[in-house]
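Asks:
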Amino acid sequence: MTTQTKYDLFIKYCNSICNLTNILNKTVKQNNYEQLQKILSDKQNQDSIQKMFQIYEEYSDIKIFNTTTPRKFLLAWMIYGFPHIVFETDFKIVDTYPHNIWISCKNMIEYFINICEKSIFDSENFNNIITDYIENIQFFIQTDKQYMIKKLVSEYCEMVETINYISESKKYDSEQKKNTIEVINMTKNKIFKYLKFYDKQITHNNLEKVAKFSINLNKQVIKQYEKILVDDLMNKNFIFLSQLIGEIKNNLINFGSDRVDVEEKLDTEFIIQLIQTQNIEYQHIDAYGDYLNQQINKLQSSATIQDTNQRWLDINNNKSDYNIYQYISKIIFNTLYELEQIKLNICSLQTISSIGINIFNL
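Heads up: the sequence shown is residues 5 to 366, going by our numbering.
Structure (structure tokens):
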């Protein structure tokens, strides 16, 4: 078979799958993400692209498709049509990752459509465009894999931390703890299965070690942050304090506390002015601590309030052991800890509910 004959066969075959490219383009224009997923997963469509790979390689003797698959080839339409979903970010076209991948997809799709619909073809340009696309898509898949592993490991660590929280909490009796932890362990196992899909070397034992290290590290980081805040306050540097108060206010408001009341009671500029002019006294800090504890209590169930109040009393009763800056730091980070416990509690309840268990039956 002559080169020209092979070339004609390739063009003819591309013309024959023009209907597939039309469906892909139409689905993208209709903004139908779910339908596009089905088209990409359809075995007949993948077989059509695989045959195109084979015919082209017979024509050109260049094995440019060896490192890709029909599904990866068709993925171009998913990235081109739905970058905000694929990349999980607001999308603007610039020449940096991941936007350069979108540009590579766009170039490949446009060139392939020209072959299918208009028989416009230049082997050198086609090789360059396909090679660029394959390199970019491989990089994207590897980067996405690393992102998913990191995300799933983080979720696994959160499950372990939630189990620790439930084990130590007085909110649950022994039977409730057993049932709740059992459900959360089901979620842990699901996360583990997803992780094994991305990395077959991952083991339960390794994940447990990572989770334990992460939790211990967080505790050490908090201690270090407490010291940093104290040093900043002593040096009249209030940037970190302002950030922490802002985080507390945002969390309280997001959890449902009255915005006006929170902004008024936790007036950042006024608090900084008190510290800066050295007019702040322990009684002022007591009042802030009481207010924060009351706000936290409003967001908790009656079963957890006792633990929260005890932690606040422990700090308050031992304030003579701290200088005024240490006392402020203790209250700030204790409040952040209590807010984190609320998040973990919500997480555990959502986990239970998502699996179909009625929390009121626990």
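The C-beta atom is built at its ideal place from N, Cα and C for all residues, glycine as well.
(1) Please report the Cβ distance between Q299 and S261, rounded to the nearest whole angstrom; I am assuming they are in contact, meaning their Cβ atoms lie under 8 Å.
(2) With T25 and F116 assumed to form a contact (beta carbons below 8 Å), what rounded beta-carbon distance in angstroms separates them?
(3) Between the C-alpha atoms of A313 and L156, what's the straight-line distance to the nearest angstrom?
(4) Does the count of Cβ pairs from the segment 151-169 and the segment 193-209 closer than 8 Å reach three?
(5) Going straight from the alpha carbon of A215 to that of H208, what length do you get?
(6) Kindly confirm or deny that the segment 105-125 and the segment 170-180 touch, where touching means at least three C-beta pairs closer than 8 Å.
(7) I'd like to check one pair, K253 with T281: are the Cβ atoms closer than 9 Å?
(8) How about T163 and N189: are their beta carbons less than 9 Å apart?
(9) Buried or exposed: where does T71 fall if 16 or more other Cβ atoms within 10 Å of its Cβ makes it buried?
(10) Rounded C-beta distance between N131 and I68? I'm assuming under 8 Å.
(11) Identify whether N313 lies in helix, strand or coil by the three-state DSSP scheme.
(12) Have a look at E128, I15, I319 and L343 and flag the residue whose alpha-carbon is nearest the alpha-carbon of N301.
(13) For V264, count neighbouring Cβ atoms within 10 angstroms of its own Cβ and tell me buried if that reaches 16, exposed if not.
(14) Alpha helix (DSSP H) containing G250: first to last residue?
(15) Tell me whether the beta-carbon of I259 lies closer than 9 Å to the beta-carbon of L296.
(16) Assign M238 to one of two classes, buried (16 or more other C-beta atoms within 10 Å of its C-beta) or exposed (fewer than that).
(17) Within this structure, are the beta carbons of L13 and Y63 separated by less than 9 Å?
(18) Return yes when the Cβ of M82 is within less than 9 Å of the Cβ of Q41, no when it is not.
(19) How many angstroms separate the CA atom of Y229 from the CA atom of Y329?
(20) Taking 9 Å as the cut-off, decide whether the C-beta atoms of I138 and K55 are in contact.
(21) What is the DSSP secondary structure of L366, counted as helix, strand or coil?
(22) Could you give the DSSP three-state label for D46: helix, strand or coil?
(23) Taking the C-alpha atoms as reference points, what is the distance between I279 and Q224?
(24) Thinking C-alpha only, which one of Y60, D65 and T31 is nearest C18?
(25) In three-state DSSP terms, what is Q304?
(26) Quick one: is K347 buried, meaning 16 or more other Cβ sit within 10 Å of its Cβ, or exposed?
(27) Where does S171 sit, in a helix, a strand or coil, going by DSSP?
(28) What whole-angstrom Cβ distance do N129 and N104 have, given they're in contact under 8 Å?
(29) Is it buried or exposed, G293, if we count other Cβ atoms within 10 angstroms and call 16 or more buried?
(30) Give me the Cβ distance between F244 and I232, rounded to the nearest whole Å; I'm assuming they're in contact under 8 Å.
Replies: This is what the structure gives:
(1) 6 Å
(2) 7 Å
(3) The amino acid occupying residue 313 in the given sequence is Asn; Ala does not appear at that position. Answer to the nearest angstrom: the Cα atoms are 34 Å apart.
(4) yes
(5) 10 Å
(6) no
(7) no
(8) A quick correction: the sequence has Met, not Thr, at residue 163. Remark: C-beta atoms of M163 and N189 approach each other more closely than 9 Å.
(9) exposed
(10) 6 Å
(11) helix
(12) L343
(13) With fewer than 16 Cβ atoms within 10 Å of its Cβ, V264 is classed as exposed.
(14) I243 to N258
(15) Residue identity check: residue 259 is Phe in the sequence provided, not Ile. Against a cut-off of 9 Å, the Cβ pair of L296 and F259 comes out as no contact.
(16) Looking at its Cβ environment, which holds fewer than 16 other Cβ atoms inside 10 Å, M238 is exposed.
(17) yes
(18) yes
(19) One C-alpha to the other measures close to 13 Å.
(20) no
(21) Any reading at L366 needs caution, since the residue's pLDDT is 36, under 50, leaving its predicted position unreliable; the model's value is listed next. Here L366 sits in coil by DSSP.
(22) Secondary structure at D46: coil, using DSSP grouped into helix, strand and coil.
(23) 27 Å
(24) Y60
(25) coil
(26) exposed
(27) helix
(28) The pair is not a contact, with the Cβ atoms about 19 Å apart (cut-off 8 Å).
(29) Here G293 is buried. Its C-beta has 16 or more other C-beta atoms within 10 Å.
(30) 7 Å
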